[in-house]
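In short: position in the sequence shown from 1, add 2, done, that's this note's numbering.
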Amino acid sequence: MEGTKEKVIVEVAERLYGRTDEEIFQFFISTETFARKYAVSYELEGAMYLVLDNSIIQSFKHRASKPNRDLQALSYTAFTRFVTGWSDRETHLAVTPAALYEHMGRRGNITSAEALNALEELQLFFADTGLRMTWIGFKSIEDLVEVLAAVHADDIYLTQYFKKIEDMSWRRDLKAPFGVKIPLGIAYREIPDDLPLKYFDAWYVKFVLTSRVERAIIQQSQHNPDALPIGSGPMAEALADLNNFNRKGALLGLGDIDMLQVCDGSRQYQQKTGYVLVGQTLDDTLADVLNHRHSYVESMGVEFGTPDTETQIKDMVNFMFSKPFSEHEKRADIIWPKLKDFIVAIATACKNASTNSHHNQ
Numbered sequence: 003m004e005g006t007k008e009k010v011i012v013e014v015a016e017r018l019y020g021r022t023d024e025e026i027f028q029f030f031i032s033t034e035t036f037a038r039k040y041a042v043s044y045e046l047e048g049a050m051y052l053v054l055d056n057s058i059i060q061s062f063k064h065r066a067s068k069p070n071r072d073l074q075a076l077s078y079t080a081f082t083r084f085v086t087g088w089s090d091r092e093t094h095l096a097v098t099p100a101a102l103y104e105h106m107g108r109r110g111n112i113t114s115a116e117a118l119n120a121l122e123e124l125q126l127f128f129a130d131t132g133l134r135m136t137w138i139g140f141k142s143i144e145d146l147v148e149v150l151a152a153v154h155a156d157d158i159y160l161t162q163y164f165k166k167i168e169d170m171s172w173r174r175d176l177k178a179p180f181g182v183k184i185p186l187g188i189a190y191r192e193i194p195d196d197l198p199l200k201y202f203d204a205w206y207v208k209f210v211l212t213s214r215v216e217r218a219i220i221q222q223s224q225h226n227p228d229a230l231p232i233g234s235g236p237m238a239e240a241l242a243d244l245n246n247f248n249r250k251g252a253l254l255g256l257g258d259i260d261m262l263q264v265c266d267g268s269r270q271y272q273q274k275t276g277y278v279l280v281g282q283t284l285d286d287t288l289a290d291v292l293n294h295r296h297s298y299v300e301s302m303g304v305e306f307g308t309p310d311t312e313t314q315i316k317d318m319v320n321f322m323f324s325k326p327f328s329e330h331e332k333r334a335d336i337i338w339p340k341l342k343d344f345i346v347a348i349a350t351a352c353k354n355a356s357t358n359s360h361h362n363q
């Protein structure tokens with residue numbers, strides 16, 4: 003471990019040479035954030051797949067021409083040294099069709115040759131990480147072409163649907179016989195459960211849209227001082243910020259919805275799939291949403307009036323005094339000391355880089 007640690011310190015210090023103290027600090031914060039997110043996800047069981055969003059892909063793609071992108075790519079590469087040098091868990095990089103679609107310019111009629119070329123390009127971009135790249139959501143190039151066409155169809159539909167939602171008036175009288183109507187409830191009823199989507203999960207799209215409509219209702223329904231709107235909290239605010247439109251009218255944040263549906267920590271915990279999909283992003287809003295969805299809940303109830311009611315009561319009492327998160331705690335005890343050791347190594351490298359840069363000015 004000490005040999006690995008020294009190698010990482012030397013490598014990182016050399017790569018940061020010539021950077022300003024502000025850039026070195028940005029690098030440290032970004033690297034630490036990625037490593038901490040990994041440690042939190044390590045508490046779940048199984049092989050880990052680091053699912054790349056387009057912001058990280060773009061950093062590696064443009065690192066040669068844009069110094070800021072290079073710094074971002076460097077921080078991610080440094081984080082992968084933690085994965086390969088400190089973690090004992092099988093870990094791979096992973097790319098979804100939606101991320102590939104954004105990387106290829108969000109266009110239709112993508113051919114098999116173009117898709118294959120894009121996959122090979124991504125493998126070259128991330129070769130320095132030392133992690134094997136895997137693919138999520140398709141089994142062959144022919145399958146990928148069909149899935150990319152489905153993503154494109156959803157892109158067109160969702161751009162129009164989000165625009166329709168955006169242009170509607172959401173001014174509502176929230177006065178109720180007792181108290182006020184809740185904007186989230188109104189928003190939830192406005193968005194159908196069965197949006198005609200080919201790739202994206204309708205539940206997650208509704209989840210995002212509901213928060214967006216909720217915010218619109220809150221903003222537009224301030225006219226009655228006796229029935230002021232009540233928001234549902236920070237996660238709804240973050241979800242409402244996921245998507246927007248650029249100057250050309252294209253819907254931004256399409257890949258964020260994909261990342262949410264693929265890397266939802268709460269769902270993964272409940273389903274216990276035996277592997278862990280960890281969202282990787284440089285986007286603060288998306289990171290905030292993923293953090294909100296990384297919570298574990300265990301529950302048990304009793305159905306009275308049934309033949310096995312007494313058994314259910316005993317099971318619930320046993321559950322109340324059990325330790326449902328004991329395995330998570332054991333895994334936490336393994337990874338957190340390693341995280342601390344890695345952070346010390348990165349801090350040392352940053353300090354050395356800063357000192358060397360100042361001495362040679």
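Backbone N, C-alpha and C fix where the C-beta goes; we use that ideal spot for every residue, glycine too.
- About 4 angstroms separates the beta carbon of Arg173 from that of Gln222, a gap short enough to meet the 8 angstroms contact definition.
- The C-beta of Pro99 has 16 or more other C-beta atoms within 10 Å across all chains shown, which makes the residue buried.
- With 16 or more neighbouring CB atoms inside 10 Å of its own CB, Asp243 falls in the buried class.
- Beta-bridge partners of Gln282 (DSSP): Leu54.
- Using a Cβ-Cβ distance cut-off of 8 angstroms, the segment 255 to 275 and the segment 6 to 23 are not in contact, since fewer than three pairs of beta carbons, one from each stretch, lie closer than that value.
- For Lys68 and Met50, the gap between their C-alpha atoms comes out near 30 angstroms.
- Counting only runs of 4 or more residues that sit fully inside the segment 179 to 258, the alpha helix (DSSP H) segments are 185 to 192, 204 to 222, 236 to 242, in chain order.
- Going by C-alpha positions, Thr93 is about 18 angstroms away from Phe127.
- For Ala96, the uninterrupted beta strand (DSSP E) run begins and ends at 93 to 97, by DSSP.
- C-alpha of Ala66 to C-alpha of Leu95: approximately 21 angstroms in a straight line.
- Each residue's CA atom was taken as its position, placing Trp205 and Val264 some 12 angstroms apart.
- In this model, Gln28 and Ser213 are separated by some 31 angstroms (Cα to Cα).
- The beta carbon of Asp195 sits closer than 7 angstroms to the beta carbons of Ala204, Lys208 from its chain, once the five residues preceding and following it are set aside; these are given in chain order.
- Per DSSP, Thr33 is one residue of the alpha helix (DSSP H) stretching across 23 to 44.
- In this structure, Lys177 lies away from Asp145, with their beta-carbon atoms at least 9 angstroms apart.
- Excluding residues up to 5 positions away in sequence, Ile143, Glu144, Val147 lie with their Cβ nearer than 7 angstroms to the Cβ of Ser114 in the same chain.
- Taking Glu25 as the centre and dropping the five residues before and after it, the same chain places the C-beta of Leu73 closer than 7 angstroms to its C-beta, in chain order.
- Selection Ile336, Gln282, Ile219, Ile59 evaluated against Thr33 yields Gln282 as nearest (Cα-Cα).
- Counting along the chain, Thr136 sits inside the beta strand (DSSP E) bounded by residues 135 to 137.
- Here DSSP, grouped into helix, strand and coil, assigns Lys63 to helix.
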